[in-house]
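Trainee: Would you mind keeping the following structure in view while I ask a few things?
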Amino acid sequence: PEVPNSPSPFTAYTKQIKEMVVVDPYTIRFRTATPYPLMPTDMTQVGIVSKSAAKATTEDFNSGKAASGTGPYKLVRYVKGDRIELARHDTYWGGKTPWEKVTLRLLPNDASRVAALLAGDAQAIEYVPTSDVAKIRADKRLNVFKVIADRLIYLHMDSDRDHTPFVFDKTGRPLAKNPLKDPKVRKALSKAINRNAIVDKVMEGEAVASGQLLADGMFGTTRNLKVEPYDPEGARKLLAEAGYPEGFGLTIHSPNNRYVNDAKIAQAVAQMLTRVGIATRVETMPSATFFPQATDLKFSFMVLGWSSGTGEASSPLKALLATYNKDKGFGTANRGRYSNPRVDALLEEALATVDDPKREALLQRATELAINDTGIIPLHFQVNLWATRNGITYLPRTDENTLAHKFRPAAGK
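Numbering of the sequence shown is given in this note's numbering, commencing with residue 3 and proceeding in unit increments.
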């Protein structure tokens, strides 16, 4: 299916659908090329619009002229870069929401968001800065709501090329070969990182150290993987075994406005690696500059994040760790070009397995292989944070979305 003028096609979610049959006015039957266990989940990512609205332009949707849907609010006004104004949809099938009008304001600056909440200019804010959580909690006028996110913060490294641009010897000269191709070196990097220190000091306790791709309890997680213990001596030993007893140098690249405390995470990792003999420089930049370069494989070692839209391990496995294959849609975010045929085989089998227990076992095995081979270095899961004025509650979401109808009056208010 294709929506004319769409700035973001949904082909990633509809690629396996080969035929659509209208059974009756309320039923469509889809036929797929192969068994497709994630179809019910993937289809939730595709918005339903009327036939007439599908022909509208982006400008018409933004202005509200082509607004289409059955949600709890109606779009009143959209001012790009400033605000969205909503009015209650009184005939919403799920019942009336408690708020007649809602204004969503864009305040990208952390200090401005917190100041607006403290002053009463905003009744709720998202992305509460970790440095302000304690202050907000101590304020009797305010409340904090949080949940462990499905967003993993991790390190990706160039494990593919023989020569990589940002790895050098201690004098700054490029190395003759890429040490990041060696699993021992990748494992040494992982052992050199104190994840608990990052959680406690950089994230101020508002994160959960990770040893795999998804938070505990999500589909495809495994009990066989634990958080990598901080082991600087073990890191030095592995570096020596790999032929780098004196270490080497590298540059870590990171966005500075995409993930919670992303630039600070890069600085912390650099200090830890330097302590085991890997002289590490840090370069940070806005995400609009960072991501095109990362996608073009301009970097060697990167701070990145991934949120699992499907809620199961197939999402990060397919995007981050599968061998890059544009036609299959594999490795779309594999910016280190990690490749492991055994991981690929298990993943492909899992993606065609409808039986949930069997699919989960396949995903667990693929995850264990990829993590034990240090295809990426998991650091932690973010904690999603919202704060509200007294009298308002919020149901926090693992996917980071802020939805107006999830704000409710507190009991007795």
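In this text, a Cβ means the ideal position worked out from N, Cα and C, and glycines have one as well.
Kindly indicate the opening and closing residues of the alpha helix (DSSP H) around L442.
Mentor: The displayed coordinates of the chain run from 3 to 415. Any statement about residue 442 would go beyond what the structure contains.
Trainee: Compare the Cα-Cα distances from K408 to each of P100, D329 and R115 and report the closest residue.
Mentor: Locating residue 408 in the sequence shown gives position 406, where the first residue counts as 1. Taking only the C-alpha atoms, the option nearest K408 is P100.
Trainee: Any idea if T223 is buried or exposed, counting beta-carbon neighbours within 10 angstroms, 16 or more meaning buried?
Mentor: The sequence position of residue 223 within the sequence shown is 221, counting from 1. The residue in question, T223, is buried, as its Cβ has 16 or more Cβ neighbours within 10 Å.
Trainee: Using CA atoms only, rank isn't needed, just tell me which of A69, K320, G97 and G96 is closest to L88.
Mentor: Locating residue 88 in the sequence shown gives position 86, where the first residue counts as 1. Closest option to L88, Cα to Cα, is A69.
Trainee: Give a yes or no on contact between the segment 331 to 338 and the segment 290 to 301, applying the rule of three or more CB pairs nearer than 8 angstroms.
Mentor: yes
Trainee: Span of the alpha helix (DSSP H) holding V116?
Mentor: Here the question's residue 116 lines up with position 114 in the sequence shown. V116 -> alpha helix (DSSP H) spans D112 to A121.
Trainee: What does DSSP give as the partner residue(s) for F147 in the beta ladder?
Mentor: Indexing the sequence shown from 1 puts residue 147 at position 145. Bridge partners of F147: W388.
Trainee: Could you give the DSSP three-state label for Y38: helix, strand or coil?
Mentor: As a working note, residue 38 is residue 36 in the sequence shown. In the structure shown, the three-state DSSP call for Y38 is coil.
Trainee: For V146, I'd like the list of residues in its chain whose CB is within less than 7 angstroms of its CB, leaving aside the five on either flank, ordered along the chain.
Mentor: Position 144 of the sequence shown, counted from the start, is the residue given in the question as residue 146. Correct list, in chain order: V130, V135, I138, R139, L387 and A389.
Trainee: Using 8 angstroms as the threshold, is the segment 343 to 352 in touch with the segment 176 to 196, meaning 3 or more CB pairs across them?
Mentor: no
Trainee: Give me the residue from V25, R283 and Q18 with the minimum Cα distance to P42.
Mentor: By one-based count along the sequence shown, residue 42 stands at place 40. Of the listed residues, the one whose Cα sits closest to P42 is Q18.
Trainee: Taking contact to mean at least 3 C-beta pairs separated by less than 8 angstroms, is the segment 203 to 214 in contact with the segment 352 to 360?
Mentor: no
Trainee: Is there contact between the segment 366 to 378 and the segment 153 to 165, where contact requires at least three CB pairs shorter than 8 angstroms?
Mentor: The answer is yes - the segment 153 to 165 touches the segment 366 to 378, with three or more Cβ pairs under 8 angstroms.
Trainee: Have a look at G207, K148 and F221 and flag the residue whose alpha-carbon is nearest the alpha-carbon of L397.
Mentor: Taking the sequence shown and counting its residues from 1, the one referred to as residue 397 is at position 395. Nearest option by C-alpha distance: K148.
Trainee: Could you tell me the boundaries of the alpha helix (DSSP H) in which M274 lies?
Mentor: Against the sequence shown, residue 274 aligns to sequence position 272. Start and end: D264 to R277.
Trainee: If you run the structure through DSSP and keep just helix, strand and coil, what is F332?
Mentor: Position 330 of the sequence shown holds residue 332. The answer is strand: DSSP assigns F332 an E or B state.
Trainee: Are P257 and S289 closer than 8 angstroms when you measure CB to CB?
Mentor: Translated into positions along the sequence shown, residue 257 becomes position 255. Translated into positions along the sequence shown, residue 289 becomes position 287. Yes. Within cutoff.
Trainee: Kindly identify the DSSP beta-bridge partner or partners of L252.
Mentor: Within the sequence shown, residue 252 is the residue found at index 250, counting from 1. In DSSP, L252 forms a bridge with V169 and T282.
Trainee: With 16 other CB atoms within 10 Å as the buried threshold, where does R175 fall?
Mentor: In the sequence shown, residue 175 corresponds to position 173, counting from 1. Its Cβ having fewer than 16 others within 10 Å, R175 is exposed.
Trainee: Can you tell me the Cα-Cα spacing of T291 and R153, whole angstroms?
Mentor: Taking the first residue of the sequence shown as position 1, residue 291 is located at position 289. Taking the first residue of the sequence shown as position 1, residue 153 is located at position 151. T291 and R153 have their alpha carbons spaced roughly 21 angstroms apart.
Trainee: Tell me where the beta strand (DSSP E) around E87 begins and ends.
Mentor: By one-based count along the sequence shown, residue 87 stands at place 85. Following the DSSP letters along the chain, one finds E87 inside the beta strand (DSSP E) bounded by residues R85 to R90.
Trainee: For A406, which residues does DSSP report across the bridge?
Mentor: Along the sequence shown, read from residue 1 onward, the residue named residue 406 stands at position 404. DSSP output for A406 lists no bridge partner at all.
Trainee: Identify which residue in T166, Y28 and R90 has its Cα closest to the Cα of M304.
Mentor: For the purposes of this step, residue 304 is taken as the residue at position 302 of the sequence shown. The option with the nearest alpha carbon to M304 is T166.
Trainee: What did DSSP end up calling G245 once you bin it into helix, strand or coil?
Mentor: Walking along the sequence shown from the start, residue 245 turns up at place 243. Coil.
Trainee: Hey, quick one: how far does the alpha helix (DSSP H) through R107 stretch, first residue to last?
Mentor: Locating residue 107 in the sequence shown gives position 105, where the first residue counts as 1. No alpha helix (DSSP H) contains R107, which is instead part of the beta strand (DSSP E) from K103 to R107.
Trainee: Reducing DSSP to helix, strand and coil, say where I2 ends up.
Mentor: No answer is possible for residue 2: it lies beyond the span of the chain, which begins at 3 and ends at 415.
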